[in-house]
Amino acid sequence: MTASAATSDIPRHVAIIMDGNGRWARKRGQPRIFGHRAGAESLRAVLRACRDHGVTYLTVYAFSTENWVRPQDEVRGLMTLLRTFLKKDEHELHENQVRLRAIGRIDDLPQSARAELTRVMEATRHYDKGHLILALSYGGRTEITDAVRAIARNVQAGDLEPDQIDEALIARHLYLPDVPDPDLMIRTSGEQRLSNFLLWELSYAELYFTDTLWPDFREAHFAEALTDYSRRCRRFGAPS
Numbered sequence: 003m004t005a006s007a008a009t010s011d012i013p014r015h016v017a018i019i020m021d022g023n024g025r026w027a028r029k030r031g032q033p034r035i036f037g038h039r040a041g042a043e044s045l046r047a048v049l050r051a052c053r054d055h056g057v058t059y060l061t062v063y064a065f066s067t068e069n070w071v072r073p074q075d076e077v078r079g080l081m082t083l084l085r086t087f088l089k090k091d092e093h094e095l096h097e098n099q100v101r102l103r104a105i106g107r108i109d110d111l112p113q114s115a116r117a118e119l120t121r122v123m124e125a126t127r128h129y130d131k132g133h134l135i136l137a138l139s140y141g142g143r144t145e146i147t148d149a150v151r152a153i154a155r156n157v158q159a160g161d162l163e164p165d166q167i168d169e170a171l172i173a174r175h176l177y178l179p180d181v182p183d184p185d186l187m188i189r190t191s192g193e194q195r196l197s198n199f200l201l202w203e204l205s206y207a208e209l210y211f212t213d214t215l216w217p218d219f220r221e222a223h224f225a226e227a228l229t230d231y232s233r234r235c236r237r238f239g240a241p242s
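Heads up: the sequence shown runs through residues 3 to 242, numbered per the numbering used here.
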């Protein structure tokens with residue numbers, strides 16, 4: 003995900019809600035996990051597109067805190083798919099010097115998936131040409147709650163006065179405070195909501211919705227989203 007020609011028209015950070023796997027599979031008379039497996043190829047395609055277009059950070063909503071209530075066979079299949087993706091695609095991360103990172107309550111993951119994730123994150127931690135961030139057992143409200151709890155402990159310990167709490171302090175207590183906020187959020191499958199994804203970080207992001215189901219999303223669709231982004235005027239609350 004290196005930049006060939008960095009311009010203001012290219013978002014530095016893109017976040018994606020990868021939606022539509024279940025509907026894609028259902029249209030083909032297949033179980034939901036079939037759609038999730040097909041969606042893994044879309045993630046590979048988007049990673050290539052980020053590299054080609056110069057997008058440095060890519061955050062994908064891989065598994066939410068709410069997803070734990072899904073049928074156990076689907077959850078197990080998703081955890082297996084996570085391990086398979088990490089093993090199969092680790093070489094791509096090394097070849098392109100992309101750092102793998104994760105946000106969410108990672109301790110909730112099964113030990114086997116957590117161990118593989120930790121191993122690949124450690125193996126790629128020194129790369130800085132690109133960042134792939136997996137949101138796993140993640141919820142935006144949970145992230146903010148965890149940040150508030152950490153700040154409250156500092157206040158309780160006497161290390162912080164309540165009047166010292168501001169937006170910058172809260173941002174520093176989020177899961178990855180060194181990562182810039184997303185410039186562009188893409189959601190596939192026609193749904194137009196945030197679904198508890200990066201609620202703090204998406205405050206000023208441009209939102210792009212497409213009817214394309216995630217397993218069908220490829221480099222051309224990503225390029226269309228970037229083109230749409232390039233036409234927008236980001237004012238951050240300033241008058242037009």
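Beta carbons: idealized from backbone N, C-alpha and C, even for Gly.
It should be emphasised that the depicted structure is a prediction, and the values quoted were computed from it without experimental measurement.
Here Phe87 has Ala42 and Leu45 as same chain residues with Cβ atoms under 8 Å from its own Cβ, once five neighbours each way along the sequence are excluded. Three or more Cβ pairs drawn from the segment 113-125 and the segment 88-96 lie within less than 8 Å of each other, which places the two stretches in contact.
In the displayed model, Gly192 falls within coil according to three-state DSSP, outside both helix and strand.
The beta strand (DSSP E) runs of length 3 or more contained entirely in the segment 29-82 are, from start to end of the chain, 59-66. Relative to Asp230, the option among Thr214, Arg53 and Leu209 whose CA is nearest is Leu209. Within the DSSP secondary-structure output, Glu208 pairs in a beta bridge with Leu186.
A contact is defined here as three or more CB-CB pairs under 8 Å, and the segment 134-151 meets this definition with respect to the segment 198-209. Partner residues in the beta bridge of Leu136, as assigned by DSSP, are Val62 and Ala104. Under the DSSP assignment, His223 falls in the alpha helix (DSSP H) whose first and last residues are Glu221 to Ser232. Contact between the segment 210-229 and the segment 63-77 is absent: fewer than 3 CB-CB pairs across the two stretches fall below 8 Å. By the Cβ criterion, the segment 127-136 is not in contact with the segment 158-169, since fewer than three pairs of Cβ atoms, one from each stretch, lie closer than 8 Å.
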